[in-house]
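Chains as they are written, first to last, in this note's numbering: chain A, 7 to 257; chain B, 1239 to 1465. Even glycine gets a Cβ: it sits at the ideal position worked out from N, Cα and C.
And the structure:
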């Protein structure tokens, strides 16, 4: 039995599908977040160098990973939108931007909270911190460019081009600790050489990453639904059908 | 499409834009004056200690060059967009990316090259020595074309958008940061005696990458703006 997946590229078909998926992602995300935070704060051993303050990494590292990952995902949807001229792809890109910006801000905030006890400063002009800050500016740029253009089609496509141009920054952030020998420590988790930390720490961090990932999917799907309703009810003559669709969905 | 006709198109665009700039010389002069004034404000604000000025000099001059480039970005496409010439350029058989490259070259000749030529004079104001001045000129020579290339993408994206002057700054300045770091870093490291080769090589790499990618992105943005 094969499912015709391309059917869901139409916003009308995707809208109820997203509505059905959101609770699953949300429930699992909250559950994993609870487990991950419990493991991170109570089970994982105390670091012999950094003491208890290192525990912020269970939020910081997953948030930083998500901030970069979501930018790439946003750029991929933007690229698909430009290439295939698919409306839903642009809506996905639009929905991802605020969540990505939130995670970038969270990574910077938790980094500052960790940096104060460890480095003795809230902020240093280190290569990774600076490039992560630029990522925040790029998210802001994508969102601002979209909101300043009134024509929806052009807003979609222009912000997609800008998102694609900004992808150059993602490898710079990721490799910044290797390319520049600066204050921010190198990666403790690596695909090639394995992890340099205790198994429970790694477990908690991976659980938190999956939790943040599922949370992002739930929030982004919810936002896409809002965008679908918002856009399809923009012309006056479509308002009635969009509302009736909404009513059917609620039932 | 043979190579000579593409070359003719590029040189035609460059000549036309240079001629237009020559007819309105005050436009081009404005960004140069802006650079001089911004660079002169810092010694007045920070204080005239030579040691401090020598430390902040490379960074200040690079930031000033960046802002001067930013201010002149609106001139790259706006006039052609308003009078409809840009739509004709899209219809021309030569690829739009090639024509865009011509327009960017013209923009650099009008607003980037004067900055490069003027920089030793401003460097002297900040007490930079002979060797550092040479590196400053070289870094600006490698860096300012990249600024024009990246800036053209931003200028094309905000074409005809309300509040475009401020928006283009918000879009383009984050993308300028690597060029700023490598450019100012080249001068600082040559002053520290480390040698500027690494930073200059990175600037060159940025230039090659932007030469290769930026015209296509700009052309895509122009097509979107003209739909």
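Below 8 Å on the Cβ atoms is my contact criterion, and I expect residue i with residue j to pass it. Report the Cβ-Cβ distance as a whole number of Å.
| i | j | result |
| --- | --- | --- |
| residue 1375 of chain B | residue 1358 of chain B | 6 Å |
| residue 223 of chain A | residue 31 of chain A | 5 Å |
| residue 1328 of chain B | residue 1461 of chain B | 7 Å |
| residue 78 of chain A | residue 176 of chain A | 6 Å |
| residue 67 of chain A | residue 207 of chain A | Not quite, the Cβ-Cβ distance comes to about 10 Å (not below 8 Å), so this is no contact. |
| residue 1304 of chain B | residue 1418 of chain B | 6 Å |
Excluding the five sequence neighbours on either side, which residues of its own chain have a C-beta within less than 7 Å of the C-beta of residue i, listed in chain order?
| i | result |
| --- | --- |
| residue 127 of chain A | 121 |
| residue 217 of chain A | 35, 38, 39 and 42 |
| residue 1325 of chain B | 1464 |
| residue 1302 of chain B | 1273, 1276 and 1277 |
| residue 28 of chain A | 224, 227 and 228 |
| residue 1369 of chain B | 1428 |
| residue 15 of chain A | 92 and 94 |
| residue 161 of chain A | 152 and 155 |
| residue 1394 of chain B | 1315, 1456, 1459, 1460 and 1463 |
| residue 1339 of chain B | 1248 and 1453 |
Given this structure, state the Cα-to-Cα distance separating residue i from residue j, to the nearest angstrom.
| i | j | result |
| --- | --- | --- |
| residue 244 of chain A | residue 17 of chain A | Confidence in residue 244 of chain A is poor, its pLDDT being 44 and thus under 50, which makes the residue's placement unreliable; the coordinate value appears in the next sentence. If I take the Cα positions, the gap works out to 14 Å. |
| residue 221 of chain A | residue 1266 of chain B | 51 Å |
| residue 118 of chain A | residue 231 of chain A | 34 Å |
| residue 1410 of chain B | residue 1431 of chain B | 32 Å |
| residue 1433 of chain B | residue 1427 of chain B | 6 Å |
| residue 1287 of chain B | residue 1273 of chain B | 21 Å |
| residue 238 of chain A | residue 94 of chain A | 12 Å |
| residue 1353 of chain B | residue 181 of chain A | 33 Å |
| residue 1382 of chain B | residue 1459 of chain B | 21 Å |
| residue 33 of chain A | residue 109 of chain A | 20 Å |
| residue 1345 of chain B | residue 69 of chain A | 41 Å |
| residue 98 of chain A | residue 114 of chain A | 25 Å |
| residue 1255 of chain B | residue 1280 of chain B | 33 Å |
| residue 1435 of chain B | residue 1420 of chain B | 11 Å |
| residue 226 of chain A | residue 106 of chain A | 10 Å |
| residue 1413 of chain B | residue 103 of chain A | 18 Å |
| residue 1249 of chain B | residue 21 of chain A | 52 Å |
| residue 63 of chain A | residue 142 of chain A | 19 Å |
| residue 157 of chain A | residue 1282 of chain B | 45 Å |
| residue 1333 of chain B | residue 45 of chain A | 58 Å |
| residue 170 of chain A | residue 1299 of chain B | 30 Å |
| residue 124 of chain A | residue 47 of chain A | 18 Å |
| residue 87 of chain A | residue 148 of chain A | 15 Å |
| residue 213 of chain A | residue 1252 of chain B | 57 Å |
| residue 1445 of chain B | residue 209 of chain A | 43 Å |
| residue 1422 of chain B | residue 1371 of chain B | 12 Å |
| residue 1453 of chain B | residue 1361 of chain B | 32 Å |
Please list the terminal residues of the continuous alpha helix (DSSP H) segment that includes residue i.
| i | result |
| --- | --- |
| residue 15 of chain A | Counting along the chain, residue 15 of chain A falls outside any alpha helix (DSSP H), and DSSP gives it neither H nor E. |
| residue 1332 of chain B | It is not in any alpha helix (DSSP H) - residue 1332 of chain B carries neither H nor E in the DSSP assignment. |
| residue 1315 of chain B | 1312-1321 |
| residue 58 of chain A | Segment: none, residue 58 of chain A is in no alpha helix (DSSP H) and carries neither H nor E. |
| residue 233 of chain A | 205-238 |
| residue 1347 of chain B | First-last for residue 1347 of chain B: undefined, no H or E at that position. |
| residue 125 of chain A | 93-125 |
| residue 70 of chain A | 63-90 |
| residue 1420 of chain B | 1402-1429 |
| residue 129 of chain A | Note, residue 129 of chain A: premise wrong, no alpha helix (DSSP H); not H, not E. |
| residue 1443 of chain B | 1435-1464 |
| residue 136 of chain A | 133-154 |
| residue 172 of chain A | 158-172 |
Sorted by chain position, which residues of the same chain lie with C-beta nearer than 8 Å to residue i's C-beta, five sequence neighbours on each side aside?
| i | result |
| --- | --- |
| residue 1366 of chain B | 1292, 1295, 1296, 1374, 1425 and 1429 |
| residue 1306 of chain B | 1269, 1270, 1272, 1273, 1276, 1349 and 1353 |
| residue 58 of chain A | 52 |
| residue 26 of chain A | none |
| residue 204 of chain A | 50 and 51 |
Counting only the same chain and skipping the five closest in sequence on each side, list residues whose C-beta sits under 6 Å from that of residue i.
| i | result |
| --- | --- |
| residue 1310 of chain B | 1269 and 1349 |
| residue 1442 of chain B | 1380 |
| residue 1438 of chain B | 1424 |
| residue 1342 of chain B | 1386, 1387 and 1390 |
| residue 19 of chain A | 13 |
| residue 173 of chain A | 81 |
| residue 1308 of chain B | 1407 |
| residue 1364 of chain B | 1291 and 1295 |
Item to check | Sequence ranges, alpha helix (DSSP H) only - wholly within the stretch 1251-1299 of chain B, length at least 4 | outcome: 1263-1284
Item to check | In chain order, each alpha helix (DSSP H) run of at least 4 residues that lies wholly inside the stretch 1361-1399 of chain B | outcome: 1368-1395
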